[in-house]
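*Asks:*
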Amino acid sequence: MCEADLREFIRAQFDRQNALASEREQRWSERFDRLNARLDRFDASLDRLEASVDRLDAGLDRLRGAVESLAASVAGLDATMARR
């Protein structure tokens, strides 16, 4: 193998390795993009879940207030009935 052939062989190997590295980098980039998209969807789901929990908490507060009001009304009615 002469020097020119050896240089050509080394250049071809170098180009091949660069092409393989570029392909691997592209695949990892695509995987990373898909993972980021999943994380974005997960984050949006968590935001929706948090909003649902907030609405549920507000509903429970209203229900608690209604039950307390009803309990006060029943206590007042009991007191009225006891006086009769």
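The sequence shown begins at 1 in UniProt numbering and counts up by one.
Backbone N, C-alpha and C fix where the C-beta goes; we use that ideal spot for every residue, glycine too.
From a predicted model like this one, the values you see are computed outputs, not experimental measurements.
1. Tell me which residues share the same chain as residue 9 and place their Cβ nearer than 8 Å to its Cβ, disregarding the 5 neighbours each side in the sequence.
2. Is residue 41 helix, strand or coil by DSSP?
3. For residue 79 and residue 60, what's the separation of their Cα atoms in angstroms?
4. Express the C-alpha separation of residue 31 and residue 51 in angstroms, rounding to a whole number.
*Replies:* By the coordinates alone:
1. Looking up residue 9 in the sequence shown gives position 9. Taken in chain order, the residues that qualify are 1.
2. By 1-based counting over the sequence shown, the position of residue 41 is 41. Here residue 41 sits in helix by DSSP.
3. By one-based count along the sequence shown, residue 79 stands at place 79. By one-based count along the sequence shown, residue 60 stands at place 60. It is roughly 28 Å from the alpha-carbon of residue 79 to the alpha-carbon of residue 60.
4. Within the sequence shown, the letter at position 51 stands for residue 51. Within the sequence shown, the letter at position 31 stands for residue 31. Roughly 30 Å between the two C-alpha positions.
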